[in-house]
Amino acid sequence: MPQYRSSLLAIYPHITDRDRRLLQLLDDHLVLTTDQIHRLLFLARRTCQIRLNELRALGLLERFRFARAGGGSQPWHWTLGHDGHRFQAAAHDLPEPTLRSSRQRINRLSANPHLTHLLTANEFSVRLCAHTRANADARLDRWWSEVTAARQFRTITADGHGLWSVGGITAGFFLEADSGSEPLARVVAKLDRYADLARRGGPRYPVLFWLPSAAREDHLHGRLRLRHADVPTATATHDSDPAETVWLPGNGTQRLRLIELPSDHGQAVADNPNFVDGVFVA
284 MPQYRSSLLA IYPHITDRDR RLLQLLDDHL VLTTDQIHRL LFLARRTCQI RLNELRALGL
344 LERFRFARAG GGSQPWHWTL GHDGHRFQAA AHDLPEPTLR SSRQRINRLS ANPHLTHLLT
404 ANEFSVRLCA HTRANADARL DRWWSEVTAA RQFRTITADG HGLWSVGGIT AGFFLEADSG
464 SEPLARVVAK LDRYADLARR GGPRYPVLFW LPSAAREDHL HGRLRLRHAD VPTATATHDS
524 DPAETVWLPG NGTQRLRLIE LPSDHGQAVA DNPNFVDGVF VA
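One rule links them: number in my numbering = place in the sequence shown (from 1) + 283.
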């Protein structure tokens, strides 16, 4: 394995197409665990572990983990290293980051008090991507993190936004990855911003509440049934495959697949003059 080099050009002969895909995934998601990367890109876990360590030796990746409360360690959390940030900046025609700025990004990410919540939201995307590996007619055409979704839609604070396609049909969605820490009244109140976005000409995508337990889902669903259906909603739990028949609409009693939930993606985004270069500007 070659030693660390300061020139990106010296690293290029060692970067595969799968590595480029991984760098983009980490750029989009900020952080992924070894298990998540394994399910996204590799067949054998040992092959995944070896390649991640090789990319770390090249300076493309960095990793961290914390101790478990009952002993032992949490899984490795992987993010872009300094040369990973440099590579992504070059790929997207952005200014090259300094070593100091890269280190600050890694340190702030590792110390982020909402890191577990971020990994939960990322897990939603990972499961959809893993589903596509076993189902050729399914695709995750877009995944926007909380930061990207806020930048694009301006007024909402979704934990993620995606476009999901199955058999030629495309549906958009907004994700609310619930950790169980907020009162349900506050969770339901988040719908006001989505409704306001739709009234101003934005997409009327379903808001997906992904919940930590069946009991919390039951309690939230009871509140959603009492709310005026100004935006579509659906609920499911963290132990489910979000691509399957697990989504209970806020005004319904029968679970549906993600692709079956109401979504106005085609008209609201493709033809809406308030969207300029993918950004909602109304």
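Beta carbons: idealized from backbone N, C-alpha and C, even for Gly. Predicted, not measured: the structure shown is a model, and the values here were computed from it.
{"Asked": "Here's a check: name, in chain order, each residue in its chain whose Cβ is nearer than 7 angstroms to the Cβ of Leu450, leaving out the five neighbours to either side.", "Found": "A small fix is needed here, since residue 450 is Gly in this sequence, not Leu. Asp420, listed in sequence order."}
{"Asked": "Please list the terminal residues of the continuous beta strand (DSSP E) segment that includes Leu494.", "Found": "490-494"}
{"Asked": "Counting only runs that start and end within the segment 428-504, where is the alpha helix (DSSP H) found for 4 or more residues in a row?", "Found": "429-436, 467-472, 474-482"}
{"Asked": "So who's on the other strand from Arg346, going by DSSP bridges?", "Found": "Trp361"}
{"Asked": "For the structure I just gave you, are there three or more beta carbon pairs, one from the segment 364-384 and one from the segment 302-311, closer than 8 angstroms?", "Found": "yes"}
{"Asked": "Which partner residues of Leu377 appear in the DSSP bridge assignment?", "Found": "DSSP, once it has assigned bridges, lists no residue as partnering Leu377."}
{"Asked": "Tell me the rounded alpha-carbon separation between Asn557 and Glu465.", "Found": "Caution applies to Asn557, whose pLDDT of 46 falls short of 50 and renders its modelled position unreliable; the value that the coordinates give is listed next. Straight-line Cα distance between these residues: approximately 33 angstroms."}
{"Asked": "Can you tell me whether Arg339 is helix, strand or coil according to DSSP?", "Found": "helix"}
{"Asked": "Tell me which residue opens and which closes the alpha helix (DSSP H) that Thr403 is part of.", "Found": "398-417"}
{"Asked": "For Thr438, which of Pro525, Gly485, Val471 has the nearest alpha-carbon?", "Found": "Gly485"}
{"Asked": "Inspect the beta-carbon positions of Pro515 and Ser546 and report whether they are closer than 9 angstroms.", "Found": "yes"}
{"Asked": "If you measure between the beta carbons of Pro489 and Leu544, is that distance less than 9 angstroms?", "Found": "yes"}
{"Asked": "Less than 6 angstroms between C-beta atoms, sequence neighbours within five positions excluded: which residues of the same chain meet that for Tyr287?", "Found": "Model confidence at Tyr287 stands at a pLDDT of 46, short of 50, so the residue's coordinates are unreliable; what they give is reported in the following sentence. Contacts found: Gly342."}
{"Asked": "Report all residues from its chain with a CB closer than 8 angstroms to the CB of Glu459; omit the five preceding and five following residues, and keep chain order.", "Found": "Ala441, Asp442, Val470, Lys473, Val490, Leu491, Phe492, Trp493"}
{"Asked": "Which value, in whole angstroms, describes the spacing of the CA atoms of Arg328 and Asp318?", "Found": "8 angstroms"}
{"Asked": "In whole angstroms, give me the CA-to-CA distance for Phe456 and Thr415.", "Found": "17 angstroms"}
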